[in-house]
Amino acid sequence: MLLRALDDVARLVLPVACPGCDRPDVRWCADCLAPLDAPLRRREQAAPRLDRLDGVAPLAVWAPAHYAGPVRGVVVAWKDRGRADLDRPLAAVARHAGGALAGLLGAGARPVARPLARTDRGPSPRAVLVVPAPTSAAARRARGRDPVVVLARGVAAGLTASGTPARVVPLLVQRGRARDQVGLGSRARGARLGAVGVATGPVTRRRVREAVRDRLPCLLVDDVLTTGATLAASEAALARIGLPVLGAFVLAATPAPSRRREAVRGTVAEVP
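The working numbering puts the first residue of the sequence shown at 4, with every later residue one more than the last.
Below you can see the structure in the form of structure tokens.
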């Protein structure tokens with residue numbers, strides 16, 4: 004009773020509303036979060052910066068939803084408007100996705116030298132490194148946390164619970180004075196491809212040596228897929244040190260320009 008009374012007082016001082024539909028006195032709506040519970044689908048086709056010039060297929064990127072409508076409102080509020088209370092439902096989305104990815108990584112992901120999943124007569128499953136896409140130091144200070152790490156922990160928990168051992172290892176950092184990508188256009192995002200590197204702290208160096216020694220496969224995690232510049236730069240940084248990248252998970256992906264109006268209205272027909 005006391006906690007409920009305190010919550011009522013807090014709502015009077017700091018009113019809350021669902022970030023997806025502005026419904027008052029509701030932290031989030033089941034309807035606004037529902038698209039994030041949809042099955043994972045491949046989304047890399049609409050991300051031009053993931054295209055390769057060497058004949059290799061673009062990095063596989065899985066997401067449950069389009070970055071449009073209520074989903075966009077939820078993600079923006081979570082990342083940039085202080086809605087850390089959304090960590091809990093979005094971490095649950097990521098955990099559910101990790102469970103699904105345990106089956107998907109064997110089909111459609113980048114191949115690795117040894118199998119990921121245990122078979123009746125095969126070897127034990129290999130560990131997967133869940134690598135958060137790097138966030139600028141300025142963005143971390145402004146937010147007071149790193150939301151992408153919240154997602155990465157959820158994905159790792161889902162993978163592990165489904166039989167694929169996984170652990171979060173923040174191997175990547177942004178170099179130079181790279182700023183957050185919010186508001187940047189496609190050309191500016193592409194110019195940042197060289198701004199991602201491998202962290203050089205003593206603990207990270209040890210983890211990198213161990214990962215390279217065992218050629219552990221990596222799964223990238225980010226919040227939103229737009230042009231694919233961050234994921235492309237992240238994959239390139241890991242490839243430079245010899246770590247294979249299986250694919251990536253994001254909460255939502257910007258639909259192709261020809262389909263954005265339909266995505267906002269929620270009428271885009273999903274295809275596998």
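Backbone N, C-alpha and C define an ideal beta-carbon position, used for all residues, glycine too.
Which listed residue (the options) has its alpha carbon closest to that of residue i
| i | options | result |
| --- | --- | --- |
| Q177 | P135, E213, V211 and V206 | P135 |
| V133 | D149, L107, L174 and G106 | L174 |
| H99 | P67, A71, R84 and A130 | P67 |
| C35 | R55, T233, A130 and V96 | V96 |
| P38 | G72, A130, A60 and V224 | G72 |
| A105 | D83, R86, A87 and V131 | V131 |
| G147 | W81, A155 and V201 | W81 |
| A259 | L228, L107, L234 and I244 | L228 |
| V29 | A142, L89, R156 and A232 | L89 |
| A20 | G85, D40 and A103 | G85 |
| W31 | D83, V253 and R91 | R91 |
| G102 | T207, G161 and A33 | G161 |
| D217 | R129, T207 and V224 | R129 |
| T230 | L107, C221 and V253 | V253 |
| D149 | D40, D83, A41 and R55 | D83 |
| L154 | V224, T207 and L108 | V224 |
Residue i versus residue j: straight-line alpha-carbon distance, rounded
| i | j | result |
| --- | --- | --- |
| R75 | L241 | 29 Å |
| P249 | D25 | According to the sequence displayed, residue 249 carries Leu and not Pro. Distance between the alpha carbons of L249 and D25 is about 38 Å. |
| R212 | L62 | 24 Å |
| A159 | P18 | 34 Å |
| Q48 | L93 | 24 Å |
| P205 | V215 | 15 Å |
| W65 | L43 | 6 Å |
| L219 | P247 | 7 Å |
| E238 | P51 | 15 Å |
| A140 | P168 | 30 Å |
| A87 | R144 | 14 Å |
| A255 | V152 | 16 Å |
| L3 | R156 | Only positions 4 to 275 of the chain appear in the structure, and residue 3 is not among them; the question remains open. |
| L69 | D57 | Note that residue 69 corresponds to His in the displayed sequence, not to Leu. So the two alpha carbons sit approximately 28 Å from each other. |
| L187 | A232 | Only weak support is given to the placement of L187: the predicted model assigns it a pLDDT of 44, under 50, and the value that follows is read from those uncertain coordinates. In a straight line, the C-alpha of L187 is about 11 Å away from that of A232. |
| I244 | A142 | 26 Å |
| T257 | A235 | 16 Å |
| V201 | T138 | 13 Å |
| V59 | V171 | 27 Å |
| D40 | L222 | 20 Å |
| G33 | T207 | One point to set straight first is that residue 33 is Ala, not Gly, in the sequence displayed. Rounded to whole angstroms, A33 to T207 spans 39 Å at the Cα level. |
| G166 | L108 | 12 Å |
Buried versus exposed, by CB contacts within 10 Å (16 or more), residue i
| i | result |
| --- | --- |
| G23 | buried |
| D226 | buried |
| V78 | buried |
| A251 | buried |
| R46 | buried |
| A164 | exposed |
| R209 | exposed |
| T203 | exposed |
| P27 | exposed |
| V198 | The residue asked about is misnamed: residue 198 is Ala in this sequence, not Val. Answer is buried; the Cβ neighbour count reaches 16. |
In DSSP terms, what residue i is bridged to
| i | result |
| --- | --- |
| L39 | None, per the DSSP bridge assignment. |
| C221 | L132 and V248 |
| H99 | Paired residues: none, contrary to the question. |
| P27 | A20 |
| R45 | W65 |
| R170 | L132 |
| L104 | According to DSSP, which records beta bridges pairwise, L104 is partnered with nothing at all. |
| G200 | V176 |
| V227 | A255 |
Closer than 7 Å: residue i CB and nearest the ligand GDP heavy atom
| i | result |
| --- | --- |
| P135 | By its list of ligands, the structure shown contains no ligand whatsoever, and the ligand GDP lies outside what it can speak to. |
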